[in-house]
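Start counting the sequence shown at 6; every next residue gets the next number (our numbering).
Backbone N, C-alpha and C define an ideal beta-carbon position, used for all residues, glycine too.
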Amino acid sequence: MIRGILMSLCALVLGASVAMAAPVTLKLGHIAEPDNVYGQGADHFAKLVKERSKGDINIQVYPSSQLGNQRDLVEGLGLGTVDMTLTGTAVMGNFVPEMAVFDLPFIFRDVNHAYKALDTVGMDLAQKGEKQGMITLAIWENGVRHMTNNAHPIKKPEDMKGLKFRVMEQPVYIEMMKSLGASPTPMAMSELYTALQKGVVDGQENPLGHIATKRFNEVQKYLSLTGHTYASEPLLISAQAWKKLTPEQQEIIRQAAVDTRDWERQLCRDLEGKFLQQIKDAGTTQVNDDVDKEAFAKATKKSWDIYEKRFGDKNIKAIQAVQ
């Protein structure tokens, strides 16, 4: 009888081990081109997870908006129709409004300040998204954002007056453009190239990686290195998908996300100059680095005021206090 009980227990343990080792496939969607910095990061992450899980966890990456635009992807996390995504804090801010603090113009002293603030204040605020079915594994990088347009070089805030600019669907960016006298036009990234080509909008703002890999410079005459905001890229996983993973699988994915964060941030630093040179070499866009950033910071302060009225200045002060 004892032997029979032991055999039954062994069978149960063996069955549980087999279940734990069952292969898992997760779909990760994002809007970047594969050669964009965080596009390469997604592929690197998938490779790390596969290696560390010995092939038990397969991350299938779908770039270039194949699974939808950023809002669709984030909404899909809550619905359980999307397993994972990379999205900007600006888009995440439509679901976790406090996260929009990281998109306030000129809030960071430099990229190292941004890294430290995002890894502390950012990860704490991101936990609010768990109530909406999204878990933040790590916060990667998109890059410093700059402005392009087809009218003239942008050197001072007054140069923005009357220009129709594509922005993300996020109050911070909409109010920032209004404060500069431009006309903000929310639009999905997948529609932007054609909109620029046909003159639906005069300009747009994005990191150099997007400008180069999505070839916006082909349909934009002027690039001004305004550096007005820093764009981070949180890696999110659906709470529904997360709960289906074993603790061991969760740890593999979480650690790979953090390791890729560091790898991808360094890649962004390494490639930023390359992307700028690529834009210059194409010969279709005049690059201007003679920008009065102090004037831009002063002119766009209104978006800070709007954030403070809604959430107070606690988050802003927490970011500014990071050393």
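Quiz prompt | Bridge partners - Pro191, DSSP secondary structure assignment | solution = Residue mapping note: residue 191 aligns to position 186 of the sequence shown, counting from 1. Per DSSP, Val172.
Quiz prompt | Residues of its chain near Ala262, where Cβ-Cβ distance is below 7 Å and the 5 sequence neighbours each way are ignored | solution = The residue labelled residue 262 in the question sits at position 257 within the sequence shown. Once the five neighbours on either side are set aside, the close Cβ partners of Ala262 are Phe50, Leu142, Ala143 and Leu240.
Practice problem: Leaving out five residues on either side along the sequence, give the residues of the same chain with a beta carbon under 6 Å from the beta carbon of Gly186. | Solution: Within the sequence shown, residue 186 is the residue found at index 181, counting from 1. Sequence-distant Cβ neighbours of Gly186 in its own chain, meaning closer than 6 Å and more than five residues away, are Met165 and Lys166.
Self-check item: Which residues DSSP lists as bridging Lys32, in chain order
Solution: Here the question's residue 32 lines up with position 27 in the sequence shown. According to DSSP, Lys32 bridges with Gln65.
Quiz item: Whose CA, out of His35, His157 and Met182, lies closest to the CA of Leu72?
Solution: Numbered from its first residue, the sequence shown carries residue 72 at position 67. Nearest C-alpha to Leu72: His35.
Quiz item: Among Asn155, Phe107 and Lys55, which one has its Cα closest to the Cα of Tyr198?
Solution: For the purposes of this step, residue 198 is taken as residue 193 along the sequence shown, with counting starting at 1. The shortest Cα separation from Tyr198 among Asn155, Phe107 and Lys55 belongs to Asn155.
Quiz item: Which partner residues of Ile242 appear in the DSSP bridge assignment?
Solution: Mapped onto the sequence shown, residue 242 falls at position 237. Met89 and Ile140, per the DSSP bridge assignment.
Quiz prompt | Reduced DSSP category for Cys15 - H, G, I as helix; E, B as strand; rest coil | solution = In the sequence shown, residue 15 corresponds to position 10, counting from 1. For Cys15, the pLDDT reaches just 46, beneath the cut-off of 50, and the residue's location in the model is therefore unreliable, leaving the point undetermined.
Exercise. Use the C-beta contact count for Pro191: other C-beta atoms within 10 angstroms, 16 or more gives buried, fewer gives exposed.
Key: Working through the sequence shown from its first residue, we reach residue 191 at position 186. Pro191 is exposed by the Cβ-count criterion.
Quiz item: Mapping DSSP to helix, strand and coil, what is Ala236?
Solution: Taking the first residue of the sequence shown as position 1, residue 236 is located at position 231. Ala236: strand per DSSP, three-state reduction.
Quiz item: What does a CB cutoff of less than 7 Å around Phe107 pick up in its chain, not counting 5 residues either side in sequence?
Solution: Residue 107 sits at position 102 when you count from the first residue of the sequence shown. For Phe107, where only same-chain residues beyond five positions count, the Cβ hits under 7 Å are Thr94, Leu123, Gly127 and Ser237.
Quiz item: Looking at C-beta atoms only, is the number of pairs between the stretch 218 to 225 and the stretch 245 to 260 that lie closer than 8 Å three or more?
Solution: Remark: fewer than three beta-carbon pairs, one from each stretch, lie closer than 8 Å, so the stretch 218 to 225 and the stretch 245 to 260 are not flagged as touching.
Practice problem: State yes or no: is the C-beta of Arg150 within less than 8 Å of the C-beta of Pro212? | Solution: As a first step, residue 150 is located in the sequence shown; it is residue number 145 there, counting from the start. As a first step, residue 212 is located in the sequence shown; it is residue number 207 there, counting from the start. Cβ distance < 8 Å, so Arg150 and Pro212 count as in contact.
Self-check item: For Tyr227: DSSP bridge partner residues
Solution: Stepping through the sequence shown from its first residue, residue 227 is reached at position 222. Asn154 and Gln291.
Practice problem: Give the single residue among Ser70, Pro68 and Phe170 whose Cα lies nearest to the Cα of Glu210. | Solution: Your numbering for residue 210 matches position 205 in the sequence shown. For the residues Ser70, Pro68 and Phe170, the minimum Cα distance to Glu210 belongs to Phe170.
Quiz item: Is Lys161 near Asp275, with beta carbons less than 8 Å apart?
Solution: Here residue 161 refers to the residue found at position 156 of the sequence shown. Here residue 275 refers to the residue found at position 270 of the sequence shown. No, the pair does not count as a contact, with Cβ atoms beyond the cut-off.
Self-check item: Chain-order list of residues whose beta-carbon lies under 7 Å from that of Leu82 (same chain, five-residue window excluded)
Solution: Residue mapping note: residue 82 aligns to position 77 of the sequence shown, counting from 1. Here the set comprises Thr90, Gly138, Met139, Leu241 and Ser243.
Quiz item: Which same chain residues, not among the five before or five after Tyr67, have their C-beta less than 8 Å away from its C-beta?
Solution: Looking up residue 67 in the sequence shown gives position 62. Residues Lys32, Leu33, Gly34 and His35 of the same chain have their beta carbon placed closer than 8 Å to that of Tyr67, with the five preceding and five following residues left out of the count.
Quiz item: So, Thr305 versus Pro28, is the Cβ gap smaller than 8 Å?
Solution: Sequence index remark: in the sequence shown, residue 305 carries index 300 (1-based). Sequence index remark: in the sequence shown, residue 28 carries index 23 (1-based). It is not a contact, given that the beta carbons lie outside the stated cut-off.
Exercise. In angstroms with no decimal places, state the Cα-to-Cα distance between Arg270 and Met173.
Key: Mapped onto the sequence shown, residue 270 falls at position 265. Mapped onto the sequence shown, residue 173 falls at position 168. Inter-residue distance for Arg270 and Met173 is about 23 Å (C-alpha atoms, whole angstroms).
Self-check item: Whole-Å CB distance - Asn41 paired with Arg76, under 8 Å assumed
Solution: One-based indexing of the sequence shown puts residue 41 at position 36. One-based indexing of the sequence shown puts residue 76 at position 71. Actually they do not touch by this definition, with Cβ atoms about 19 Å apart.
Quiz item: Given that a residue counts as buried once 16 or more other Cβ atoms are within 10 Å of its Cβ, and exposed if not, what is Glu146?
Solution: Looking up residue 146 in the sequence shown gives position 141. It is buried - the Cβ of Glu146 has at least 16 other Cβ atoms within 10 Å.
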